[in-house]
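Chemist: Residue numbers (this note's numbering): 143 to 555.
Cβ atoms here follow ideal geometry from the backbone N, Cα and C, with glycine treated the same way.
Model, not experiment: these values are computed from the prediction.
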Ligand SMILES: Cc1cc2nc3c(=O)[nH]c(=O)nc-3n(C[C@H](O)[C@H](O)[C@H](O)COP(=O)(O)OP(=O)(O)OC[C@H]3O[C@@H](n4cnc5c(N)ncnc54)[C@H](O)[C@@H]3O)c2cc1C
């Protein structure tokens, strides 16, 4: 390929022959119908080869932007290339909101949905669970619309880009709301152990950040609809200034904290849209384990902290509510998400990832589809009751394997 294209982190150089940038759905349909191998690239924020292809890599970033709010203001239809960052402020201006966001708004909506991207919150499902319809260009170039409740829909939403090209999606909305962020320093293991449920449910969304240099959680980061009482939080002390998620990182690019109320879209992401969160000098892994075994899981991570801490920038601990999407990491399971931001050194990070997977093995972890993992595909398949049905669905939509790549071939077996 004359134009070298990498993912955001730069750890993946795509093998594509060329990059195509259609400017209309009709042009895209023609391109897909005539392509040998094809794959869509969203905003390229995944850390593995999920988006790769040896054929045409298609970017929908230049397609016409679509933001259509339904007359009853409960749904929004968006195009398949839009980023959350292009959408959130527009929704807020119209008095509506998404129920939750990921930690950064720079990712594309379709790309996030394809990998079951999530935020945090005991009662909040991941972003894919709020998709009510999908408009898809199939391998033969035909356009189909899949709606919630129809057979196969629950298998198509977290589709890993395997079923076709998403040209539009419809998402559930809630009324716009204000929210506040509070950050506390140093939550000890003993306090966390004694108060785990109260800590994790202490806000609309709760994230715990630690670099595992000790067993104390560095930061408890709460997003609350109402004001937090003054004083410590289960022994953790209110931060004396703004904090970034990574200890020692410049906090300028983090969304506003200190309990100052602000619109949902300016508080739910950890990072501001107008800043690039970092240079991309990182790798990420994440595992979903049963919420009911949260403390066991946190202690399992602590048991290998000497192996992971040297290459770890930060571990974020979150919760996600169960859903019914076949390949969602939260499929029929309220979950604890153990997210790891590593240093940008694959060779040094992989042994830590293996040690972590070993420590978590007894908790049947489901790895995040968009991040770095080393678990064998057969193990991953065994974690999803509907995996065989998903494989069937892929064959139905893409009988010749146009959207397949090495990553998917390995996973599907
Ligand atoms: C700094 C950073 C922070 C992150 N924070 C979070 C977080 O808070 N929570 C979380 O869960 N994850 C998080 N992630 C992971 C990220 O959300 C996922 O990797 C997500 O898939 C990235 O979206 P993308 O648009 O970059 O998708 P890409 O990486 O470009 O693509 C992902 C998949 O979607 C497919 N795809 C994209 N667009 C389409 C389309 N229109 N039609 C069909 N297939 C398509 C691609 O082919 C590929 O298979 C983070 C990643 C980074 C780099």
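Residue 176: buried (16+ other C-beta within 10 angstroms of its C-beta) or exposed?
Modeler: exposed
Chemist: Using only CA atoms, which one of 333, 415, 171, 294 lies nearest to residue 246?
Modeler: 415
Chemist: Once DSSP output is grouped into helix, strand and coil, what is the label at residue 326?
Modeler: strand
Chemist: Can you check the stretch 369 to 413 for any beta strand (DSSP E) of at least 3 residues that lies completely inside it and give the ranges in chain order?
Modeler: none
Chemist: Tell me where the alpha helix (DSSP H) around residue 482 begins and ends.
Modeler: No alpha helix (DSSP H) holds residue 482; the beta strand (DSSP E) holding it covers 477 to 484.
Chemist: Is residue 346 near residue 263, with beta carbons less than 7 Å apart?
Modeler: Yes.
Chemist: Would residue 367 be called buried (16 or more neighbouring beta carbons within 10 Å of its own) or exposed?
Modeler: exposed
Chemist: Consult DSSP for residue 334 and reduce its assignment to one of helix, strand or coil.
Modeler: In the structure shown, residue 334 falls within a helical segment according to DSSP collapsed to helix, strand and coil.
Chemist: Just verifying my parser: in three-state terms, what is the DSSP assignment at residue 320?
Modeler: Here residue 320 sits in strand by DSSP.
Chemist: Taking 6 Å as the cut-off, does the CB of residue 256 come closer than this to any heavy atom belonging to ligand 1?
Modeler: yes
Chemist: Looking at C-alpha atoms only, which residue of 248, 434, 372, 532 is the closest neighbour of residue 187?
Modeler: 248
Chemist: DSSP beta-bridge partners for residue 525?
Modeler: Residue pairing of residue 525 in beta bridges, as defined by DSSP: absent, with no partner found.
Chemist: Distance, Cα to Cα, residue 159 vs residue 381?
Modeler: 50 Å
Chemist: I'd like the span of the alpha helix (DSSP H) that includes residue 209, first residue to last.
Modeler: For residue 209, there is no enclosing alpha helix (DSSP H); the enclosing beta strand (DSSP E) covers residues 209 to 211.
Chemist: Rounded to whole angstroms, what's the CA-CA distance from residue 553 to residue 517? Just pull it up for me.
Modeler: So the two alpha carbons sit approximately 10 Å from each other.
Chemist: Please report the residue range of the alpha helix (DSSP H) in which residue 351 lies.
Modeler: Premise fails: residue 351 lies in the beta strand (DSSP E), 347 to 352, not in any alpha helix (DSSP H).
Chemist: Is any heavy atom of ligand 1 found at a distance shorter than 6 Å from the C-beta of residue 187?
Modeler: Residue 187 has its CB nearer than 6 Å to a heavy atom of ligand 1.
Chemist: Residue 224: beta carbon under 6 Å from a heavy atom of ligand 1?
Modeler: The closest heavy atom of ligand 1 lies 6 Å or more from the beta carbon of residue 224.
Chemist: From the DSSP output, in three-state form, read off residue 365 for me.
Modeler: strand
Chemist: If you draw a straight line from the alpha carbon of residue 402 to that of residue 323, how long is it in whole angstroms?
Modeler: 7 Å
Chemist: Buried or exposed, going by whether 16 or more other CB atoms sit within 10 Å of the CB of residue 542?
Modeler: It is exposed - the Cβ of residue 542 has fewer than 16 other Cβ atoms within 10 Å.
Chemist: On the DSSP letters alone, give me the boundaries of the beta strand (DSSP E) that residue 276 sits inside.
Modeler: 273 to 279
Chemist: In the structure shown, what three-state DSSP assignment does residue 249 receive?
Modeler: coil
Chemist: According to DSSP, is residue 495 part of a helix, a strand, or is it coil?
Modeler: helix
Chemist: For residue 456, name the three-state secondary structure that DSSP assigns.
Modeler: Reduced to three states, the DSSP call for residue 456 is strand.
Chemist: Just to check my reading of the structure: residue 174 and residue 161 have Cβ atoms closer than 8 Å, yes? What is that Cβ distance to the nearest angstrom?
Modeler: Actually they are not in contact, since the Cβ atoms of residue 174 and residue 161 sit about 15 Å apart, beyond 8 Å.
Chemist: Which stretch, first to last residue, makes up the alpha helix (DSSP H) that contains residue 447?
Modeler: 447 to 450
Chemist: For residue 474, is the classification buried or exposed, using 16 other Cβ atoms within 10 angstroms of its Cβ as the cut-off for buried?
Modeler: exposed
Chemist: Here's the rule: buried if 16 or more other CB atoms are within 10 angstroms of the residue's CB, otherwise exposed. What is residue 400?
Modeler: Exposed.
Chemist: For residue 461, name the three-state secondary structure that DSSP assigns.
Modeler: strand
Chemist: Return the chain-ordered ranges of every alpha helix (DSSP H) run that is complete within the stretch 173 to 247 and spans a minimum of 4 residues.
Modeler: 226 to 235
Chemist: So, helix, strand or coil for residue 310, using DSSP?
Modeler: In the structure shown, residue 310 sits in a strand (DSSP, three-state: E or B).
Chemist: Please report the straight-line C-alpha distance between residue 337 and residue 344, rounded to a whole angstrom.
Modeler: 10 Å
Chemist: Using only the heavy atoms of ligand 1, determine whether one of them is closer than 6 Å to the beta carbon of residue 193.
Modeler: yes
Chemist: Suppose you measure from the CA of residue 469 to the CA of residue 539; what does that come to, to the nearest Å?
Modeler: 16 Å
Chemist: Does DSSP put residue 287 in a helix, a strand or coil?
Modeler: strand
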